Structure formats: structure tokens, C-alpha cells
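Enquirer: This is the structure, below, for whatever I ask next.
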DNA sequence: CTTGACCTTCCAACAATGGGAAGCTTTACG
DNA sequence: CGTAAAGCTTCCCATTGTTGGAAGGTCAAG
């Protein structure tokens, strides 16, 4: 099976297959006499595993562990669970960060009348001086950059 | 004010200040005779704006629009609102994607006994054949890669 | 035997950030 | 004043995962 077929069968693009081979995530694929990659069912099986794990957000780095565990018939499921749990924790913190942003932004958007006038609490908030850093109050003009021109 | 002080005052690292200047997000900072950057209050004000917007997850690309709107005293707040709303939509889709991953993964983790035995539904699921792609059932052995060795 | 679709490798780019080298300037201290 | 430390400059490299393209070899169909 050549790389195009393997890509279609696994859901991993040809480019990425070459990349994974390059960084050693998958073993070197055997070649035909002319140098074309020749994928076995097992190769495709591995690629499908990678495709699914990547779609769950596992990093390539984590894939090394996951693949090693998968291939280790003496693994402890607790090790697998630990990798997965660590990833869930990462996801949780990313989600929380995005939700915090979203909440702040939504609050601002809800207070912006959103019409033809230039007044806007969104810019006002972003431009607010002395919020969490050195304050520099005292009224020097800031040219076109004041939040309420 | 030199770059170190500007960085401290704005919350943007010196590295990133140079980068923003380089890509034209901020105007070229004036220099002293010896070539050191010499930041005005206005420069720092811009940097603080950027710092806040970046912390809300706006991309550098979006910053161009946001800064342009900020500087345009004839802007319509609806334009600002549109940029912010578009960003909220992006955040929503990212959050949803991460939550979907999290849910799937949590389900798997909750079904993994997580002990010394190798059996693991997490690997089992990732290794499952013919789930959303070409199926290739029929029982060829896949060596060490079967989900239940 | 030509054409087009495929494959190969290598190189570059993206976004945003950090690290570091080589070299110059400013500051602080004795 | 002299020297050393700290801070600045530019330039290049690495990161993560993925895509795009160029130059060239190969395969299958007509």
C-alpha cells in the first residue's frame, strides 16, 4: 500500500506520515525497489491509533508514551490511565483559561451598544490606564489613543 | 524610557516589543543617539492595550484591527463589537472542541480500572479497528499491537 | 512513448514566544 | 577615572504541528 492509500485508510495526511516517520514516532516504513513507501496493515493500524489519539488532543510527545504503552504487553493500565488523566488536566486548564477570556469579553460585548457612535466599553477597558500595572495618571494627553475621543 | 522599563510598565516582554515593532503592530519606536529604543508614555499606553487584548486571547492579526479602531476617532462601536464577537465565537468553538475531547477521554478514564493489569479501555478504544474509516476486519494478527494481548 | 498522477526528498512558512551569541552603552562602585 | 556589571542592539535558532511547493523519479493508462 503506498502513502496515498495509507493516508486515506488511516486519516493521517501523507505529509504527516512522513513527519511521524522522521521524528521516530512510527517505525521506518519499508520501501519498494524504487523507494516508494510500502505500508503494511500493521503500519496503517498504528497510524489509525495515532489519528484517534491526536483527535483527542494528545500531543506528539504524549504519543510516544501512548504508543510505547500500547506495544508493551506487560503495561499496567494504571500507567495508561495516568497519561490520559494528565491530558485531561491539561484540557481542563486550557478550557478554564478560554472560558475566563470568554466571560470577560462577553461582559464587555454586552455593554457595548454597537451602533454608529465611537464610544465603546471594549476599547475603554483595553485602554484603561493603571489597571494592574504601574499607574501613570495625571492627565497627559495621549493623542488619538484616549478611550473617549 | 528604555525597553526594560517599558516592558515592566506594559507587561509585554522586551522580546515581544521588538517583535511587534518588527511586524508593524506598533509604530517604530524612536531611538537615542546610541540606538537604544526610547519609549514615550504613548508607546507604553499602546503596549498596555496590546497586553490586555492579548490576555483576552486576541491574535496579533486581530490586534491590527483593534488598534486601528482604537486610533480611529470616527469608528463605529459596532465595528469593535463585531471584532470582539467574532473572537468570542472563536473561543466558543475552541472551548467546545476541548470539552468534547475531555468528555470522551473522561469516559474512557472512568472505565479504566487503572491497576497493574494491562487491560485498558483507553488503548482499546484508540486501537479499535474500523471505527470511522475503511474497515479491514478479518482477523490478521497485528502482533504486539492488539488491544488485548 | 507520452501524459498525468503519483511518489521521493528537501526547504520554507505559519504564530507567538523564548533562548542565546556577539558586540556596544550606560551605570555604579571603588 | 577605570573597570565591571547590567542592559541594550541585531541576528539567528528552536519550538509545535501542519501545509505548501520545487525538483526530480516512477508508474499506469492511453
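Residue numbers (full-length UniProt numbering), protein chains in the order written: chain A, 1 to 149; chain B, 1 to 149. Note that CB positions come from ideal geometry on N, CA and C, so glycine has one too. These numbers were taken from a predicted model, which means no experiment stands behind them.
1) How long is the line joining the alpha carbons of residue 112 of chain B and residue 87 of chain A, rounded to whole angstroms?
2) Would you mind telling me which residues of chain A sit closer than 7 Å to residue 101 of chain B, beta carbon to beta carbon, in chain order?
3) With DSSP as the reference, identify every bridge partner of residue 37 of chain B, one or two as the case may be.
4) Using C-beta distances below 6 Å, list every residue in its chain close to residue 132 of chain A, excluding the 5 sequence neighbours before and after it, in chain order.
5) For the pair the region 42-54 of chain A and the region 3-17 of chain A, tell me if three or more CB-CB distances fall below 8 Å.
6) If I follow the unbroken alpha helix (DSSP H) through residue 84 of chain A, where does it start and stop?
7) Buried or exposed, going by whether 16 or more other CB atoms sit within 10 Å of the CB of residue 80 of chain B?
8) Below 9 Å on C-beta distance, what does residue 123 of chain B contact in chain A?
9) Determine, for residue 17 of chain A, whether the minimum Cβ-Cβ distance to residues of chain B falls below 8 Å.
10) Counting only C-beta atoms, is residue 113 of chain A closer than 8 Å to chain B at any point?
11) Within the same chain, show all residues whose beta-carbon is closer than 7 Å to that of residue 99 of chain B, passing over the 5 residues directly before and after it, in chain order.
12) Among A:83, A:128 and A:105, which one has its Cα closest to the Cα of residue 106 of chain B?
13) Compare the C-alpha of residue 122 of chain A against each of A:116, A:109 and A:129 and name the closest.
14) Quick check on the DSSP output: the alpha helix (DSSP H) that includes residue 72 of chain B runs from which residue to which?
15) In angstroms with no decimal places, state the Cα-to-Cα distance between residue 63 of chain A and residue 101 of chain A.
16) Can you pull the chain A residues whose beta carbon is under 7 Å from the beta carbon of residue 52 of chain B, in chain order?
17) Can the beta-carbon of residue 33 of chain B be found less than 8 Å from the beta-carbon of residue 6 of chain B?
18) With distances taken between CB atoms, is the gap from residue 151 of chain A to residue 76 of chain B smaller than 8 Å?
19) Among A:12, A:91 and A:128, which one has its Cα closest to the Cα of residue 56 of chain A?
20) Please list the partners that residue 109 of chain B has in chain A, where partner means a Cβ-to-Cβ separation under 7 Å.
21) Any beta-carbon of chain B closer than 8 Å to the one on residue 3 of chain A?
22) Rounded to whole angstroms, how far is the Cβ of residue 30 of chain A from the Cβ of residue 38 of chain A, which I believe are closer than 8 Å?
23) Could you tell me how far apart the beta carbons of residue 78 of chain A and residue 125 of chain B are, in whole angstroms, since I believe they sit closer than 8 Å?
24) Suppose you measure from the CA of residue 60 of chain A to the CA of residue 67 of chain A; what does that come to, to the nearest Å?
Expert: From the atom records:
1) 15 Å
2) 56, 57 and 91
3) B:31
4) Model confidence at residue 132 of chain A stands at a pLDDT of 46, short of 50, so the residue's coordinates are unreliable; what they give is reported in the following sentence. No residues qualify anywhere along the chain.
5) yes
6) 77-110
7) buried
8) 49, 66, 69, 70, 75, 77 and 80
9) no
10) yes
11) none
12) A:83
13) A:109
14) Counting along the chain, residue 72 of chain B falls outside any alpha helix (DSSP H), and DSSP gives it neither H nor E.
15) 29 Å
16) 126
17) no
18) Missing from the structure shown is residue 151 of chain A; chain A here goes from 1 to 149 and no further.
19) A:91
20) 81, 84, 85 and 88
21) no
22) 5 Å
23) The pair is not a contact, with the Cβ atoms about 17 Å apart (cut-off 8 Å).
24) 10 Å
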